[in-house]
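Numbering (the working numbering), first residue to last: 732 to 961.
Heads up, the beta-carbon is just placed ideally off N, CA and C, and yes, glycines get one too.
Here it is, written out as C-alpha cells:
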C-alpha cells in the first residue's frame, strides 16, 4: 500500500516506500532491535548523551530519508538539527517522515544540496541509498562548501554524522585544511571501502581522538569511525 508505515524498534517511523526490501530484510535478520544500523546508532546515542546542552547543534550530512534526524529530534526535542541531502526524492521523503513523526518542518534546517569542497553545482549519481557525487552522474545538484557552512555557524557543531558514499575523506580534508577542525566536536563517519576507512581513520586521529573504529561493523554495510575533540 502507498501509505504503509515501517516502525523501527526505537519508535522512529517512516513510510514503507522509503525503505528498500533488502534493508527491511537486514533489519529483521539482524535480531538487533529492528534498527537501521545498530552499531552506528549506539554511538550516535552515546555521543548525544554526552552533550549537556538542551539544544545541541547536530549536522546530518547525507541524511537520506532523515532517519538520524528523526531519531535526534525524538531523543532531544530541543536540538538544532541541520540536514544536508541533495537528492530531491530523499528531501521530499524527509518532509513526509517529519510530518509522520509529528515534527514540525521548521524544527529542521533542511539544506537541499551536496556537501562539497566549494560552492556551486556538482554532478550527482542518483542510486537510492548509494547516491553520490560522481563526475559521470546524470543529475546536477547544488553544492555547498562544507568548511564555509561550519564557519558560518554561530557556535561549534556538537555532533556531526557523515555518510556521503565515498566523499568522506575529501570533505574531512577540506574541513581540516580550511582551519575548521575545531568547529566539530564529535564525528560519526561512515566509510566506503578499505582504503577510505584507513585514510579517514588516520586523518581523524591527527585532529580528533578516536573512540571507535571498525571497517566492517555487524549488521551494516559501511565502515564506521567515531572521533571526538577534547
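C-alpha gap between residue 800 and residue 914, whole angstroms: 20 Å
Kindly provide the ranges of any alpha helix (DSSP H) runs that are 4 or more residues long and lie completely inside the region 782-826, ordered along the chain. 798-806
Assuming residue 788 and residue 811 make a contact with CB atoms under 8 Å, what is their CB distance in whole Å? 5 Å
Tell me the rounded alpha-carbon separation between residue 918 and residue 849. 21 Å
Same chain, Cβ closer than 6 Å to residue 891, neighbours up to 5 away in sequence not counted: 790, 915 and 918
CB of residue 837 within 8 Å of CB of residue 874, strictly: no
Sheet register partners of residue 872 (DSSP bridge): 853
How is the alpha helix (DSSP H) around residue 954 delimited, first residue to last? Note, residue 954: premise wrong, no alpha helix (DSSP H); beta strand (DSSP E) at 954-959.
What does the alpha-carbon distance come out to for the pair residue 809 and residue 783? 12 Å
May I ask you to list the residues that DSSP assigns as paired with residue 917? 959
Tell me, please, whether the region 764-776 touches the region 872-887 by the rule of three or more beta-carbon pairs shorter than 8 Å. no
Coil, strand or helix - residue 739 by DSSP: coil
Where the alpha helix (DSSP H) containing residue 834 begins and where it ends: Per DSSP, residue 834 belongs to no alpha helix (DSSP H) and is neither H nor E.
Where does residue 748 sit, in a helix, a strand or coil, going by DSSP? helix
Assign residue 905 to buried or exposed, taking buried as 16 or more other Cβ atoms, counted over all protein chains shown, within 10 Å of its Cβ. buried
N- and C-terminal bounds of the alpha helix (DSSP H) containing residue 937: 925-938
Whose C-alpha, out of 781, 912, 756 and 935, is nearest the C-alpha of residue 886? 912
From residue 803 to residue 794, what does the alpha carbon distance come to, in whole angstroms? 12 Å
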